[in-house]
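Remarks on the structure that follows.
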Amino acid sequence: MSFDLGRGVNISHWLSQSERRGAERRAWFAQADVERIAALGFDHIRIPVDEVQLWDEQARREPEAFELLEQALDWCEQADLRTVVDLHIVRSHYFNAASEPPLFADPAEQDRFCMLWRDLSEALAQRSLDRVAYELLNEPIAHDPDDWNRLATRALAEVRAREPERIVVIDSNGAADPRTFTELRVPKDEHLVLSFHFYDPLLFTHYRAPWAAMRVYEGPIDYPGELVPKEKWDAFSPDLRFACRSERVFAAPDIERVLAPALALAKETGLPLWCGEFGALGTTSEPARERWYRDLLATLKRHEIPWTAWDYKGDFGIFDAQGRPTLAHRMLSEALSSSDD
């Protein structure tokens, strides 16, 4: 059996990054949403899940959260959608942490992380291999990339003890940045997918994002070419320029440049690549944002890289808070309609 990814969307702020519980959590993502996603032409979804939702502090399962996850997997199977279950945030690792997470410094936390995967594999092992895949950790941020390489190998072994052929996704270090594929040491395993996220240039895709370092900049911005005027850039602090990955000028050829290490490792290992997240906030002009989506989607198509947009309904959503289609919806719909060209 094969687990083929094509075009998908992330189900954010449901079992991850959300304080919703009870009826409110149930209402956030329902069978009607699965059916709508399938009707739009997507073939899979990615479900981020957090430790704090699925397990209590004693690592005991939270029954309602597991019930919701299992129910969603049932709905997806009925709608002919594949699902990637992504362990998004654990108590010892948050991808937006200001300093290195405890996960990479504390052996006990690493043991716990592996135990979580042992338990999640036990819970989902009966799921069809061509319907459900696992993603070990969203956007790892180890200061020493070998810390992530070692832990990913350990966690994979926990899954393989029960599920030798389950597709398992491994993100590159540095928040799944394609540039860090040069440091990714891939275990010898033919049932893997290599994942990266694409939000370059960050200054554009995260313009005015309240959680990002570039929130302090509110001046003019554009894409492609010169993102900000040189005099504005020169006024940035060195830390802010670093947070923007030193990208002041960015266009379609730069997408190829950023992707090059990921493409090289995929070729070397013979493993498939997957863009597990991408998107741009609606804080920039629609024409500029449309150009960004077109360039990225064309590049992914040219390299035959499957993708999963961030996100279904959220800050980057294909639907806004009132359920109305966004520019992202239009751009992805065009990509879906041309996917068989």
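According to my numbering, the sequence shown is numbered sequentially starting from 1407.
All residues carry an ideal CB built from backbone N, CA and C; glycine is no exception.
Open item on the list: As a quick exercise: from Ser1691, Ala1567 and Leu1738, pick the residue whose alpha carbon is nearest that of Leu1526.
Closed with: Ala1567
Task: Contact check, Gly1685 vs Asp1660, beta carbons under 8 Å - done: no
- [ ] Check whether the Cβ atoms of Pro1584 and Val1664 lie closer than 8 Å to each other.
- [x] yes
TODO: For Arg1560, I'd like the list of residues in its chain whose CB is within less than 6 Å of its CB, leaving aside the five on either flank, ordered along the chain.
DONE: Excluding residues within five positions, the ones whose Cβ falls inside 6 Å are Cys1520.
Open item on the list: Which same chain residues end up closer than 6 Å to Trp1713 when comparing Cβ atoms and leaving out the 5 residues on each side of it in sequence?
Closed with: Cys1681 and Leu1706
Task: Assigned secondary structure, Glu1674 (DSSP; H/G/I helix, E/B strand, else coil) - done: helix
TODO: Please look up how many angstroms separate the CB atoms of Arg1695 and Leu1633, rounded, as I've assumed it's under 8 Å.
DONE: No, Arg1695 and Leu1633 are not in contact; Cβ-Cβ is about 13 Å, not under 8 Å.
Open item on the list: On the DSSP bridge list, what partners appear for Ser1601?
Closed with: Asp1577 and Trp1680
Task: Endpoints, alpha helix (DSSP H) assigned at Ala1529 - done: Start and end: Pro1513 to Leu1530.
Open item on the list: Tell me whether the region 1625-1639 and the region 1595-1605 touch, counting them as touching only if at least three CB pairs, one residue from each stretch, are closer than 8 Å.
Closed with: no
- [ ] Evaluate Asn1579 with the Cβ neighbour count: other Cβ atoms within 10 Å of its Cβ, from every protein chain shown; 16 or more gives buried, anything less gives exposed.
- [x] buried
TODO: Kindly indicate the opening and closing residues of the alpha helix (DSSP H) around Thr1586.
DONE: Looking at the DSSP string, Thr1586 is not in any alpha helix (DSSP H), and its letter there is neither H nor E.
Task: From Leu1679, Asp1480, Ser1424 and Gly1428, residue whose alpha carbon lies closest to that of Ala1438 - done: Asp1480
Task: alpha helix (DSSP H) segment containing Val1458, residue limits - done: Glu1457 to Leu1460
Task: For Asp1628, the three-state DSSP class (helix, strand or coil) - done: coil
TODO: Indicate, with yes or no, if the ligand SAH has a heavy atom lying under 7 Å from the CB of Tyr1540.
DONE: With respect to small molecules bound, the structure shown includes none, and the ligand SAH cannot be examined in it.
Task: Glu1637 versus Glu1528: straight-line alpha-carbon distance, rounded - done: If I take the Cα positions, the gap works out to 56 Å.
Task: Reference Ser1739; option with closest CA among Ile1443, Ile1417 and Trp1420 - done: Among Ile1443, Ile1417 and Trp1420, the Cα nearest to that of Ser1739 is on Ile1443.
Task: Range covered by the beta strand (DSSP E) that runs through Ile1495 - done: Residue range Arg1488 to Ile1495 is occupied by the beta strand (DSSP E) that includes Ile1495.
Task: Top-ranked residue by Cα proximity to Asp1760, from Glu1596, Arg1518, Ala1504 and Leu1687 - done: Residue 1760 lies beyond the stretch modelled for the chain, which goes from 1407 to 1747, so this question has no answer here.
Open item on the list: By the three-class DSSP mapping on this structure, what secondary structure does Thr1611 have?
Closed with: helix
Open item on the list: Can you tell me whether Pro1507 is buried or exposed? The criterion is at least 16 other CB atoms within 10 Å of its CB, across all chains shown.
Closed with: It is buried - the Cβ of Pro1507 has at least 16 other Cβ atoms within 10 Å.
Task: 8 Å Cβ cutoff met for Glu1564 and Arg1591 - done: no
Open item on the list: For Pro1570, count the other beta carbons within 10 Å of its own beta carbon; 16 or more makes it buried, fewer makes it exposed. Which is it?
Closed with: exposed
Task: Of the listed residues Lys1594, Tyr1613 and Asp1449, nearest to Ser1691 (C-alpha basis) - done: The candidate whose alpha carbon is nearest that of Ser1691 is Tyr1613.
Task: Under 8 Å between C-beta atoms of Leu1543 and Asp1577 - done: yes
- [ ] Find out if the Cβ-Cβ distance for the pair Pro1510, Asp1553 is shorter than 8 Å.
- [x] Before going further, note that residue 1510 is Phe rather than Pro in the sequence given. Contact: yes.
Task: Bridge partners - Val1538, DSSP secondary structure assignment - done: Per DSSP, Thr1489.
Open item on the list: Please confirm whether Pro1678 has its beta-carbon closer than 8 Å to some beta-carbon of chain C.
Closed with: In the displayed structure, chain C is absent; only one protein chain is listed.
Open item on the list: In the DSSP assignment, the beta strand (DSSP E) including Thr1714 goes from what residue to what residue?
Closed with: Trp1713 to Ala1715
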